[in-house]
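Visitor: This is the structure I want to talk about, given as structure tokens.
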Amino acid sequence: MKTKRVIVIPYDPKWKDEFQKIKVYLEKALENSIVTIEHVGSTSVEGLSAKPIIDIDIIIEGYHKFEDVKSRLKNLGYCHEGDLGIKDREAFSYTEKHECMTHHLYVCPQDSNELKRHVVFRDYLRTHKEDREKYSAIKLHAATEHPTDIDRYMESKNPCIAEIYKKCGL
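When you read off a place in the sequence shown, starting at 1, and then add 21, the result is the number in the working numbering.
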């Protein structure tokens, strides 16, 4: 699901509720097949401006659980897209989920480096206001500068992200 128009808005408290709604929907179908479901990405950080798209990591014990989870997600209308070049992070897309806010869905084994990166980065931003505000401002500016080019938007954020990664040991 490639972003066509980069829109970044100030933090919206409803994002937490929207994540919970999607989480409950997924948990009902995935039951005992998963470890947990994490809200990651910018919408998971209170006070951080973000594209209004919920990022979700479904955590599995290991790849021995993946086919079962993939099958259950298919029954919910999700389509497996592969790892999209990122090891140990399986991406899923969907065409219509009007009952849910727009979201990106990933499945990661619990020992995944990508999952660790998502959670550590999120937790760092939740507890470091100065870096959160700096990153928020950079995101807002990048979206204004590159409203139709997601790649340039991402490139604009990279130096700040790299700096934060260094601070949180990634």
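C-beta: ideal position from N, C-alpha, C; glycine also.
In terms of alpha-carbon separation, which member of K72, K91, S114 lies closest to L126?
Guide: Here the question's residue 126 lines up with position 105 in the sequence shown. Closest option to L126, Cα to Cα, is S114.
Visitor: Exposed or buried, A163, counting other C-beta atoms within 10 Å across all chains shown (16 or more means buried)?
Guide: Within the sequence shown, the letter at position 142 stands for residue 163. A163 should be labelled buried.
Visitor: Alpha carbon to alpha carbon, what distance is there between Y99 and K40?
Guide: Numbered from 1 along the sequence shown, position 19 holds the residue referred to as residue 40. Numbered from 1 along the sequence shown, position 78 holds the residue referred to as residue 99. One detail in the question is off: residue 40 reads as Phe in this sequence, not Lys. A straight-line Cα-Cα distance of about 17 Å links F40 and Y99.
Visitor: Hey, could you find the ends of the beta strand (DSSP E) I107 is sitting in?
Guide: If you number the sequence shown from 1, residue 107 lands on position 86. That residue, I107, is in no beta strand (DSSP E); it is neither H nor E in DSSP.
Visitor: Sort out for me which residues DSSP pairs Y127 with in a bridge.
Guide: Here residue 127 is taken as the residue at index 106 of the sequence shown, counted from 1. DSSP output for Y127 lists D78, A112 as bridge partner(s).
Visitor: Assuming C121 and I80 make a contact with CB atoms under 8 Å, what is their CB distance in whole Å?
Guide: Residue numbering aside, residue 121 sits at position 100 when the sequence shown is read from its first letter. Residue numbering aside, residue 80 sits at position 59 when the sequence shown is read from its first letter. Here C121 is actually not in contact with I80; their C-beta atoms are around 19 Å apart, not less than 8 Å.
Visitor: Taking all protein chains shown into account, do 16 or more other C-beta atoms lie within 10 angstroms of the C-beta of A183, making it buried, or fewer, making it exposed?
Guide: Position 162 of the sequence shown, counted from the start, is the residue given in the question as residue 183. Flag for A183 reads exposed.
Visitor: Express the C-alpha separation of I77 and I58 in angstroms, rounding to a whole number.
Guide: In the sequence shown, the residue the question calls residue 58 occupies position 37. In the sequence shown, the residue the question calls residue 77 occupies position 56. Those two C-alpha atoms are separated by around 7 Å.
Visitor: Three-state secondary structure (DSSP) at A139?
Guide: What you label residue 139 is simply residue 118 of the sequence shown in a count that begins at 1. A small correction: the amino acid at residue 139 is His; Ala does not occupy that position in the sequence shown. The answer is helix: DSSP assigns H139 an H, G or I state.
Visitor: Since I believe R110 is in contact with D191 (beta carbons under 8 Å), could you give me their beta-carbon distance rounded to a whole number of angstroms?
Guide: Residue mapping note: residue 191 aligns to position 170 of the sequence shown, counting from 1. Residue mapping note: residue 110 aligns to position 89 of the sequence shown, counting from 1. Reading the sequence as shown, one finds Leu at residue 191 and not Asp. That pair is no contact at about 15 Å.
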